[in-house]
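Quick notes on the structure that follows.
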Amino acid sequence: MPLRLRKGEKEIWPTSQLLRFLTPQKGERTPRAVVLGDPGSGKTTLCRFAAVLLAGEAALEKVAVGDEVLPLFLPFREYVRHCRESGDCGLLAFLEQEAGSRLQVVLPQGFLEAKLETGEAILLLDGLDEVGSAGEREEMRERVLAFGRNYPQVPMLVTSRIAGYTEAPLPENGLDGFAHLHLAPFDDDDLREFVRHWYAIQEAEDPVARDRGVADLLAALEADRHVRELARNPMLATLIALVHRYEAHLPGERAKLYELCVKTLLETWPAARKRTFHEIDFGLQRAYLEALAWRMQTARKAHQRDVTIDRQTLLEVLEAIVRERGDSGIKPAMLEGWVRHLETGTGLLVEQQPGVFAFFHLSLMEYLAACALDAAKEPDEKIARHYADAGWREVCLLAVGRRATDKVFLDRLYERFEALEDAGRWSFLLACLREEAAFGDQQREAILIGVAVAQLHYADPEPIGEAELGRWFGWSLANRLADTSAFNQTIHFSKRHGKRTRDWVEERLRTARGRELEAVIAIQLPEETNIVTILSSRPDADQVAVELCLDHLPPAVSRWVEERIRC
365 MPLRLRKGEK EIWPTSQLLR FLTPQKGERT PRAVVLGDPG SGKTTLCRFA
415 AVLLAGEAAL EKVAVGDEVL PLFLPFREYV RHCRESGDCG LLAFLEQEAG
465 SRLQVVLPQG FLEAKLETGE AILLLDGLDE VGSAGEREEM RERVLAFGRN
515 YPQVPMLVTS RIAGYTEAPL PENGLDGFAH LHLAPFDDDD LREFVRHWYA
565 IQEAEDPVAR DRGVADLLAA LEADRHVREL ARNPMLATLI ALVHRYEAHL
615 PGERAKLYEL CVKTLLETWP AARKRTFHEI DFGLQRAYLE ALAWRMQTAR
665 KAHQRDVTID RQTLLEVLEA IVRERGDSGI KPAMLEGWVR HLETGTGLLV
715 EQQPGVFAFF HLSLMEYLAA CALDAAKEPD EKIARHYADA GWREVCLLAV
765 GRRATDKVFL DRLYERFEAL EDAGRWSFLL ACLREEAAFG DQQREAILIG
815 VAVAQLHYAD PEPIGEAELG RWFGWSLANR LADTSAFNQT IHFSKRHGKR
865 TRDWVEERLR TARGRELEAV IAIQLPEETN IVTILSSRPD ADQVAVELCL
915 DHLPPAVSRW VEERIRC
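Start counting the sequence shown at 365; every next residue gets the next number (the numbering used here).
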């Protein structure tokens, strides 16, 4: 999957342009570039792909690579560990040692140095951010620059996370200058291409399964903007594809997806890169993150999407959380180190501007806050208190998703919502069906009826003043569209409720009369043709047409009514 890179404010480079840049023609200036990106944006993948392509083991359109080019791929963390353990930081000696240990080859005396002196090697240095402290990164930067001066004909590609890079940046201008590029997130076209490529590899021998998988995953991404926005990160896009295929049925089982995302960023990925934060165990780290997300969610204003916290407040909140839990062994200095680890080692926290932090993605903050809500006393009461607040809706839904198979909890939640007088309660419970909450048959039917009746309320309100009419219309239209979307997503995507909901709708279309029938029709706007087909098959179709109120019907059904009445 080719990545795109941003150069400056407007210029976009495809992967092929970067690789052409690294393989100059004779007489051109020796190319040097640094690629910056967020965690999971594809920096290491880009380096590895460049190494494979430059070695002649892969091809890319419009990129010609000579047989004499020798790619030298070097993870910074391996080099730093070698320096610490041996005290010898000679980069050339380390490259020769790596060739012997990793490739099991003995290079002729002076072979590698000759390649470097003639510019027949390309150096790919991955992960400058993994060096350690700012002082250590400055030292490593100077070693890289010195190496470049010693071998002025060697093209170089360096990758780094954005976080911490400005503490020891490579120069952009002058003889030592590096072109600076930023990896761009996936746009909608990239996502579609990624899904097609991913399933082409996973289902190489089964074109039917491949096409079905592509269609299902693209439909799931289209149905849920929260999951779609996560998928703009290449690593998370891969994780979402894996989860959708093996672990969960999206878009409904989002809680499973977000749980795996958090575990990957907090535990799996740092462990794989040998960057685990050992001073605080994973259980406490997770508990502190959930408590932090809860505090930030509680302070959030309705509809606020940029939920941030300054460094000083962040540390104060964490210290307060530690005190409340009675974790006396966790000292402030450890928390400061942990915050740095969250930013530079996991990517769960991102410094959006100097000294101001946010969670990597709002959905992950909302999920962690949902975990805190789930662990609290009487979570059903808290959900009932917050669900109508736009800023809390996702948190409440994800909390329900975490307990999707807990019948005792779901019965309590249903009873609490059934006792409420707010018509919006049914809309929330409908959204819970989409999250695969295992409500029983009678509960599901009551939810569907409640939502259908609410549709008529939105379409036919109590008399109101002219000044309020515009505001009411916007509110009612938004609610109708939200309910219709959730209703149809439940039918199309839910493993647990999809078929039963469709069967219920079709049964009501065949048997209901009057206002009850109008209510069921009102919520099924996207399937007007199917509605007309079912209504036409009724033995009492003519009488039903006379009873229906044209004001509440979608266009296709209104035309059917008019034709029936004329006949």
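All residues carry an ideal CB built from backbone N, CA and C; glycine is no exception. This one's a predicted model, so the numbers in the text were calculated from it and none came from an experiment.
{"Item": "Let's test the definition: count the other Cβ atoms within 10 Å of the Cβ of residue 372 and tell me whether it reaches 16, buried, or not, exposed.", "Value": "exposed"}
{"Item": "Would you mind giving the Cβ-Cβ distance between residue 938 and residue 851, rounded to the nearest angstrom? I have them listed as a contact below 8 Å.", "Value": "As shown, the chain starts at 365 and ends at 931. That puts residue 938 outside it, with no answer to give."}
{"Item": "Compute the Euclidean distance between the alpha carbons of residue 536 and residue 543, then round it to the nearest angstrom.", "Value": "6 Å"}
{"Item": "Please report the straight-line C-alpha distance between residue 638 and residue 649, rounded to a whole angstrom.", "Value": "17 Å"}
{"Item": "Go to residue 396, then tell me how far its beta strand (DSSP E) extends in each direction, as first and last residue.", "Value": "396 to 401"}
{"Item": "For residue 501 and residue 700, I'd like the C-alpha separation in whole angstroms.", "Value": "19 Å"}
{"Item": "Starting from the Cα of residue 380, find the closest Cα among 422, 494, 608 and give me that residue.", "Value": "422"}
{"Item": "Note down, in chain order, each residue of its chain lying with its Cβ closer than 6 Å to the Cβ of residue 796, except the 5 sequence neighbours on either side.", "Value": "764"}
{"Item": "Going by DSSP, which residues form a beta bridge with residue 717?", "Value": "720"}
{"Item": "If you drop the 5 nearest sequence neighbours on each side, which residues of the same chain put their C-beta closer than 7 Å to that of residue 458?", "Value": "443, 446"}
{"Item": "Bridge partners of residue 437, per DSSP?", "Value": "488"}
{"Item": "By how many angstroms is the C-alpha of residue 757 removed from the C-alpha of residue 731?", "Value": "11 Å"}
{"Item": "What first and last residue would you give for the beta strand (DSSP E) that runs through residue 590?", "Value": "Run containing residue 590: none in the beta strand (DSSP E); it sits in the alpha helix (DSSP H), 589 to 594."}
{"Item": "Tell me the DSSP bridge mates of residue 377?", "Value": "369"}
{"Item": "Is residue 436 closer than 7 Å to residue 485 when the C-beta atoms are compared?", "Value": "yes"}
{"Item": "In chain order, which continuous runs of the beta strand (DSSP E) of length 3 or greater are located wholly inside the region 606 to 654?", "Value": "none"}
{"Item": "On the DSSP bridge assignment, give the partners of residue 674 in chain order.", "Value": "720"}
{"Item": "How long is the line joining the alpha carbons of residue 782 and residue 901, rounded to whole angstroms?", "Value": "35 Å"}
{"Item": "Tell me the DSSP bridge mates of residue 524?", "Value": "400"}
{"Item": "Leaving out five residues before and five after residue 622 in sequence, what residues of the same chain have Cβ atoms less than 6 Å from its Cβ?", "Value": "731"}
{"Item": "Since I believe residue 592 is in contact with residue 603 (beta carbons under 8 Å), could you give me their beta-carbon distance rounded to a whole number of angstroms?", "Value": "Rounded, the Cβ-Cβ distance is 14 Å, inconsistent with contact."}
{"Item": "Suppose the cutoff is 7 Å on Cβ atoms and the five residues either side in sequence are ignored; what does the same chain contact list for residue 599 look like?", "Value": "404"}
{"Item": "Considering only residues of the same chain and omitting the five flanking positions on each side of residue 861, which have a CB-CB separation below 7 Å?", "Value": "797, 808, 854"}
{"Item": "Are residue 762 and residue 734 closer than 7 Å when you measure CB to CB?", "Value": "yes"}
{"Item": "Counting only the same chain and skipping the five closest in sequence on each side, list residues whose C-beta sits under 6 Å from that of residue 480.", "Value": "515, 518"}
{"Item": "Assuming residue 663 contacts residue 754 (C-beta within less than 8 Å), just tell me the rounded distance between them.", "Value": "Their Cβ separation, rounded to whole angstroms, is 16 Å, which puts residue 663 and residue 754 out of contact at 8 Å."}
{"Item": "List the residues that DSSP assigns as beta-bridge partners of residue 543.", "Value": "397"}
{"Item": "Where residue 406 and residue 385 are concerned, what is the direct C-alpha to C-alpha distance, given to the nearest angstrom?", "Value": "19 Å"}
{"Item": "Can you name the start and end residues of the alpha helix (DSSP H) that residue 887 belongs to?", "Value": "Per DSSP, residue 887 belongs to no alpha helix (DSSP H) and is neither H nor E."}
{"Item": "Going by Cα to Cα distance, which pick from 508, 587, 799, 778 is closest to residue 810?", "Value": "778"}
{"Item": "Helix or strand or just coil, what does DSSP make of residue 853?", "Value": "helix"}
{"Item": "Can you name, in chain order, every residue of its own chain whose Cβ lies under 7 Å from the Cβ of residue 930, other than the five neighbours on each side?", "Value": "none"}
{"Item": "Just verifying my parser: in three-state terms, what is the DSSP assignment at residue 878?", "Value": "helix"}
{"Item": "Sort 656, 729, 552 by Cα distance to residue 619 and report the nearest one.", "Value": "729"}
{"Item": "If distances are taken between C-alpha atoms only, which option among 707, 640, 474 comes closest to residue 719?", "Value": "707"}
{"Item": "In the region 894 to 931, which residue ranges form an unbroken alpha helix (DSSP H) of at least 4 residues, counting only runs that do not cross its ends?", "Value": "905 to 911, 919 to 930"}
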